[in-house]
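Participant: Okay, handing you the structure first.
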Amino acid sequence: MQKMDESSMDNHGIRITHSFTQQDIHVDNVQHENSTQNQSNAVESANITKKIKKLPMTPTSLEYSCWSRHRTATAVGAFGLFTILAIATSILIVCLTSPKTRVQLCELTFIQTNQNPVKYNFGPRSVAVGDFNDDELLDIVVANSVVDSISVFLGYNNGIFASNMMYSTGLHSAPYMVAIGDFNNNHHTDIAVAYFGTNSIGIFVGFGNGSFINTTVISTDSSRPVWIHIADVDNDTSPDIITANYGTDSISIFYGYGDGRFAYPITYRTGYDSSPFSVIGADFNNDNHLDLAIANYGTNNIGIFIANGNRTFLHQQIFSTGINSHPYSLTVGQFNNDNLLDIAVANNGANNVGVLLGNNNGIFTSQTTYSLDTSSPYSINLGDFNKDNRLDLVVSNKGTNNIGVLLGIGNGSFSEPTMNSAGSSSSISLAVADFNEDNLLDVIIISNDTGSIDILFGYDEGFQPQTAYPTSSWPYSVAVGDFNNDTRLDIVVANYGNNTVSVLLGYGNGSFANQTTYSTGTWPRSVAVGDFNNDTRLDIVVVNYVDNTVSVFLGYGNGSFANQTTYPTGPFPSSVAVDDFNNDTRLDIVVANYGNKTVSVLLGYGNGSFANQTTYSTGTWPESVAVGDFNNDTRLDIVVTNYGNKTVSVLLGYGNGSFANQITYSTGSLPSSVDVGDFNNDTRLDIVVANWNDSTVSVLLGYGNGSFANQTTYSTGIYPSSVAVGDFNNDTRLDIVVTNYLSDTVSVLVGYGNGSFANQTTYSTGIYPYSVAVGDFNNDTRLDIIAANFLDNTVSVFLGYGNGSFANQTTYSTDSYPYSVAVGDFNNDARPDIVVANSHGNTVSVFLGYLNMVFQYQTTLITGNRSVPRSLIVVDFNNDTYIDIAVANSGTNNIGIFLGLGNNSFLNQTTFATGSGPWSLAVADLNNDNRLDIIVTNINDSNIGVFLGYGNGSFTNQTIYSTGINAEPYSVAIGDFNNDALLDIIVANYLASNVVILFGSGGGRFTDSKVYFVSYGSFSFSVVVGDFNNDKKLDFAVGNYGDDNLKILLQTC
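Here this note's numbering is used: the first residue of the sequence shown is 2, the next is one more, and so on.
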């Protein structure tokens, strides 16, 4: 296949001309895979862990019109360009050899106005997704090959995007591929663009506010780059660039220095006429070095370059994709859970998807293909689209059915593709992300036939912070079970306030039908489920506190229940449990009777009816009941907490439904909750009790014969209300967690495995935590904790680190007064979900679980006695690729610098003296030495201090610039307001109610300034900068405390 350097464009793509022959390459209309796969491992893993939805759906379109470009126009443009370059060269010679004079073409002025969106029409080619303005919402960048530009769309949290900001990529650049990464280690997302037309790469550096500057163009010689991929190839923590070079049958690696610059490329040949169309990095042989996989369109194969770990690679290994298959793009993931990466490839010529499973040492099996019928695939991506924890594939195609989904079986094979249409017949690029924050994956599609970007929002039921379902009055207790035999969990709630139970049938996706209520006795307080008539259908039992009965509701197996049958209990039944006490394979019932110091046992007949109760004496006010085999005779026993006399009662079972007289064991005062577990690893069950009144838990070790040692108490917080057991540090020894009602904490007591426990570690909760449960909520095999906070209507989730410690809480709002919490998988996604009973909101709340919830480990850094830290900023001050911290200490009048070690730890702070009352910080390279400098506002001195950085984490003494008399500068920001390539400083003065701009004059100095009055008494306290109206001029917005408003000032110069 012959290739040349001269290019021309029509409406649909790139045409390459040769001195002898002319031919179209297949970049036309079909090009690139979405760059979500090109955004390094973080973005790839995001695609794997989130969920996609069913796909016939209505697209939300951002429409474009393609502008034509003709050969005559091209020729004229080329002549014009030559003339302009000649003139420009002459001007540059004069400018560079003459002294620089500063010319102000017009007064720098701003007008106060509302933001006016600007719309553009252009032809899109490729798309990438990232967070460009650090608001944790996904944004979009699009390569517009027809009009030589890229467009940035900032996203809102509802899947809607702001009007685009367009950046030129240069005449005839033909940008074909976009990818993102942080190239200068400033923690803001940058953009890299492959310029097919001018054989180069463009770098757009992001400011972190959604705006970019085109700083660098890197030559790729005559390679015709059609693909760009970002990855850290050499493990130096700096992102590198890899391009697939259609014009030279090669790939090139540009190693990054971490400061926005890149080394001269190292090029690897992919074979004569290979025409590589895509490249991706992954570790195929598990040696912790990044290998490369290439889709060679021309030679119908995948090429694998195995890394040696020293910036070199073994010779390319070839894996065939079939005759005339013409592979366009590929993706990598674990399709059969063997810890080896596999490859999926879009074979455009064969109308199929190929899957190659990985073996050891970077070798792959022969591909298995999945036909797409008449659709020709261009772009391929992956994700768990049906929530079964198995990777699936999605492809964009040429053909009527332009989107295809292949569901993964989990063993490396896939279902037959499901084909869908999004209104286009030629979709060349796609990306997968959750644009509207419903925790369901959406698909963004680039279609070159319609010139549009379409966003397909998934509409399966998604993850919400909570879903509240009405119950009746004062829901007091909740249980779960499958009541209609559809393999989906349902909910039953005991409604204490209006004498009903509510049944909410589950849809299996985490949502529930409206409640169906069933009348109970008076004040139903506790609920449990079981199959009482052996018909394989779950039934319900509830205790009625005032009626002194239990109600049994037999289930029909379709989610409905027969009317209650009641059975007498003792007075004030407060708690119920279910099990088989007489070994007849029929479920029996045990009830704690709060009012008369007994438990009632009702033996089941196996037909849904029960014998009259047999009562057994307990202590005073039995409050909570649990079941276990305490003497290892395979017969179930009972333990009950006696709230009124500081004991627990153990009743040993005879295995025939009767029980021995209680044996009581002392606890603390007002024992309120009980749980069981083997705390000393002797295979004998032990007991733990939460003692409400004396702020302890009691541990009673079992002897295995039904008797227990005297209690050992451990301090908790105030009024421990609920206790649970689990292994929180993965040492195979049980630990204890307890909610402390009055001190608003949970206490974790780590077990030593010998029956003793370490002192408590406390974690803050919401107000009045009342109930606690344990489960693995983020599927990391480490137990987490959830607490229901009664007074502030929230639940708190504490993710465990697996070492006995926990991340700070994340709170989720519930309805009024959450009283009880439980855990279960309500939508069959193998992830634990949460259900909460809201005692005053008359609802239960369901929280669906997210996968791989991520929390930072808390580290406390000391800023000094009475330092009063006011603001901080994080950035790399010493160019070691590790994040450092700068903090303004307003009490001690200094800036503290904490240099990071890269392992979540920091050196002790180094301080630099400021003026009086340092308040706000900003960071930028003010003197163009590639070293970060710091600006601080000193509110008591009415000035700012500039600290020039040495690049090693230390700084010069401050240089002071006044912001006015009695100004009180509260906020500072950076920007080039007069377009002289020198950074300026803008300050919001609180007391002066104005904004001051100090203009940079080079070398980190500032000479001129200009004041903008806001309004009398506005008390301006915060300022931000940005190009708010897309006119390439920097504007600013100021927040005003006195006026209760935000004013936007647009530059008119």
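We put the CB at the ideal spot given by N, CA and C, even for glycine.
How is the beta strand (DSSP E) around residue 1006 delimited, first residue to last?
Facilitator: Walking along the sequence shown from the start, residue 1006 turns up at place 1005. It spans 1006-1014 - the beta strand (DSSP E) in which residue 1006 sits, taken as one unbroken run.
Participant: Around the C-beta of residue 223, are 16 or more other C-beta atoms found within 10 angstroms, so that it is buried, or is it exposed?
Facilitator: Along the sequence shown, one-based indexing puts residue 223 at 222. Its Cβ having fewer than 16 others within 10 Å, residue 223 is exposed.
Participant: Give the secondary structure of residue 187 by DSSP, where H, G and I count as helix, E and B as strand, and everything else as coil.
Facilitator: Your numbering for residue 187 matches position 186 in the sequence shown. It is coil, neither helix nor strand.
Participant: Between residue 218 and the rest of its own chain, which residues show a CB-CB distance below 6 Å, the 5 nearest in sequence each way excluded?
Facilitator: For this step, residue 218 is matched to residue 217 along the sequence shown. Excluding positions up to five away in sequence, the list reads 201, 203.
Participant: For residue 1033, does the count of other Cβ atoms within 10 angstroms reach 16, so buried, or fall short, so exposed?
Facilitator: Numbered from 1 along the sequence shown, position 1032 holds the residue referred to as residue 1033. In the assembly as shown, residue 1033 is an exposed residue. Its beta-carbon has fewer than 16 other beta-carbons within 10 Å.
Participant: I need the DSSP call for residue 892, collapsed to helix, strand or coil.
Facilitator: The residue given as residue 892 occupies position 891 in the sequence shown. Coil at residue 892, not helix or strand.
Participant: DSSP state of residue 976, grouped into three classes?
Facilitator: Against the sequence shown, residue 976 aligns to sequence position 975. For residue 976, the three-state secondary structure derived from DSSP is strand.
Participant: According to DSSP, which residues form a beta bridge with residue 615?
Facilitator: Here the question's residue 615 lines up with position 614 in the sequence shown. Answer is 602.
Participant: Out of curiosity, what's the CA-to-CA distance linking residue 1035 and residue 326?
Facilitator: Reading the sequence shown from its first residue, position 1034 is the one you call residue 1035. Reading the sequence shown from its first residue, position 325 is the one you call residue 326. Rounded to the nearest angstrom, the two C-alpha atoms are 50 Å apart.
Participant: Taking the continuous beta strand (DSSP E) assigned at residue 713, which residues delimit it?
Facilitator: Residue mapping note: residue 713 aligns to position 712 of the sequence shown, counting from 1. In this chain, the beta strand (DSSP E) harbouring residue 713 covers 713-716.
Participant: With the cut-off set at 9 Å, would you say residue 352 and residue 375 are in Cβ contact?
Facilitator: Here residue 352 refers to the residue found at position 351 of the sequence shown. Here residue 375 refers to the residue found at position 374 of the sequence shown. Yes, the Cβ-Cβ distance between residue 352 and residue 375 is below 9 Å.
Participant: Please report how far the alpha carbon of residue 245 lies from the alpha carbon of residue 736, in whole angstroms.
Facilitator: As a working mapping, residue 245 is identified with position 244 in the sequence shown. As a working mapping, residue 736 is identified with position 735 in the sequence shown. Cα to Cα, the separation comes out at about 54 Å.
Participant: Beta-carbon within less than 7 Å of residue 712's beta-carbon, same chain only, minus the 5 sequence neighbours each way: which residues are those?
Facilitator: The count along the sequence shown starts at 1 and reaches residue 712 at position 711. Counting only Cβ-Cβ distances below 7 Å, and skipping sequence neighbours, we find 666, 667, 668, 699, 700, 701.
Participant: Use the C-beta contact count for residue 853: other C-beta atoms within 10 angstroms, 16 or more gives buried, fewer gives exposed.
Facilitator: Taking the first residue of the sequence shown as 1, we reach residue 853 at position 852. Annotation note: pLDDT 42 at residue 853 (below 50); position unreliable, no value reported.
Participant: By the 10 Å Cβ neighbour count, where 16 or more other Cβ atoms means buried, how is residue 264 classified, buried or exposed?
Facilitator: The residue given as residue 264 occupies position 263 in the sequence shown. Residue 264 should be labelled exposed.
Participant: What's the gap between the Cα of residue 577 and the Cα of residue 342?
Facilitator: Here residue 577 corresponds to residue number 576 of the sequence shown, with the count starting at 1. Here residue 342 corresponds to residue number 341 of the sequence shown, with the count starting at 1. Residue 577 and residue 342: Cα-Cα distance of roughly 50 Å.
Participant: Between residue 444 and residue 974, what straight-line distance do the alpha-carbon atoms span, to the nearest angstrom?
Facilitator: As a first step, residue 444 is located in the sequence shown; it is residue number 443 there, counting from the start. As a first step, residue 974 is located in the sequence shown; it is residue number 973 there, counting from the start. About 36 Å.
Participant: What is the residue span of the beta strand (DSSP E) that residue 270 lies within?
Facilitator: Along the sequence shown, one-based indexing puts residue 270 at 269. 267-270 is the extent of the beta strand (DSSP E) around residue 270.
Participant: Is the separation between the beta-carbon of residue 962 and that of residue 987 shorter than 9 Å?
Facilitator: Here residue 962 is taken as the residue at index 961 of the sequence shown, counted from 1. Here residue 987 is taken as the residue at index 986 of the sequence shown, counted from 1. No. Outside cutoff.
Participant: May I ask you to list the residues that DSSP assigns as paired with residue 1048?
Facilitator: Working through the sequence shown from its first residue, we reach residue 1048 at position 1047. Bridge partners of residue 1048: 1039.
Participant: Which one of 657, 764, 771 has the shortest CA to CA distance from residue 800?
Facilitator: Here residue 800 refers to the residue found at position 799 of the sequence shown. Residue 764 is the option with its Cα nearest to residue 800.
Participant: Between 894, 898, 912, which has its C-alpha nearest residue 918's C-alpha?
Facilitator: Your numbering for residue 918 matches position 917 in the sequence shown. Comparing alpha-carbon positions, the option among 894, 898, 912 lying closest to residue 918 turns out to be 894.
Participant: Are there 16 or more other CB atoms within 10 angstroms of the CB of residue 684, so buried, or fewer, so exposed?
Facilitator: For this step, residue 684 is matched to residue 683 along the sequence shown. Its Cβ having fewer than 16 others within 10 Å, residue 684 is exposed.
Participant: Report the three-state DSSP secondary structure of residue 465 (helix, strand or coil).
Facilitator: Taking the first residue of the sequence shown as position 1, residue 465 is located at position 464. The pLDDT assigned to residue 465 is 28, lower than 50, so where the model puts this residue is not dependable, and the model offers no usable value.
Participant: Just verifying my parser: in three-state terms, what is the DSSP assignment at residue 730?
Facilitator: Position 729 of the sequence shown holds residue 730. If DSSP states are grouped into helix, strand and coil, residue 730 belongs with coil.
Participant: State the start and end residues of the unbroken beta strand (DSSP E) segment that holds residue 650.
Facilitator: On the sequence shown, position 649 is the one that residue 650 refers to. From DSSP, the beta strand (DSSP E) with residue 650 extends over 648-652.
Participant: Under 6 Å Cβ to Cβ from residue 585, same chain only, skipping five residues before and after it: list those, please.
Facilitator: As a first step, residue 585 is located in the sequence shown; it is residue number 584 there, counting from the start. Closer than 6 Å at the Cβ level, and outside the excluded window around residue 585, lies no residue.
Participant: Look up residue 756 in the DSSP assignment and say whether it is helix, strand or coil.
Facilitator: As a working note, residue 756 is residue 755 in the sequence shown. Reduced to three states, the DSSP call for residue 756 is coil.
Participant: Should residue 230 be labelled buried (16 or more other beta-carbon atoms within 10 Å of its own) or exposed?
Facilitator: Sequence index remark: in the sequence shown, residue 230 carries index 229 (1-based). Result: buried.
Participant: Can you look up residue 209 in the DSSP assignment and give me helix, strand or coil?
Facilitator: If you number the sequence shown from 1, residue 209 lands on position 208. Residue state, collapsed to three classes: coil.
Participant: Here's the rule I'm using: 16 or more other beta-carbon atoms within 10 Å means buried, otherwise exposed. How should residue 316 be labelled?
Facilitator: Sequence index remark: in the sequence shown, residue 316 carries index 315 (1-based). Under this definition residue 316 is an exposed residue.
Participant: Quick one: grab the DSSP three-state call for residue 362.
Facilitator: Translated into the one-based positions of the sequence shown, residue 362 becomes position 361. Reduced to three states, the DSSP call for residue 362 is helix.
Participant: What number of angstroms, rounded off, separates the C-alpha of residue 582 from the C-alpha of residue 386?
Facilitator: If you number the sequence shown from 1, residue 582 lands on position 581. If you number the sequence shown from 1, residue 386 lands on position 385. Rounded to the nearest angstrom, the two C-alpha atoms are 45 Å apart.
Participant: Pick helix, strand or coil for residue 544, following the three-state DSSP scheme.
Facilitator: As a working mapping, residue 544 is identified with position 543 in the sequence shown. In this structure, residue 544 counts as strand in the three-state DSSP scheme.
Participant: Using the C-alpha atoms, what's the distance from residue 628 back to residue 651?
Facilitator: On the sequence shown, position 650 is the one that residue 651 refers to. On the sequence shown, position 627 is the one that residue 628 refers to. Straight-line Cα distance between these residues: approximately 10 Å.
Participant: Identify every residue that forms a DSSP beta bridge with residue 1140.
Facilitator: Residue 1140 is absent from the structure shown; the chain starts at 2 and stops at 1054.
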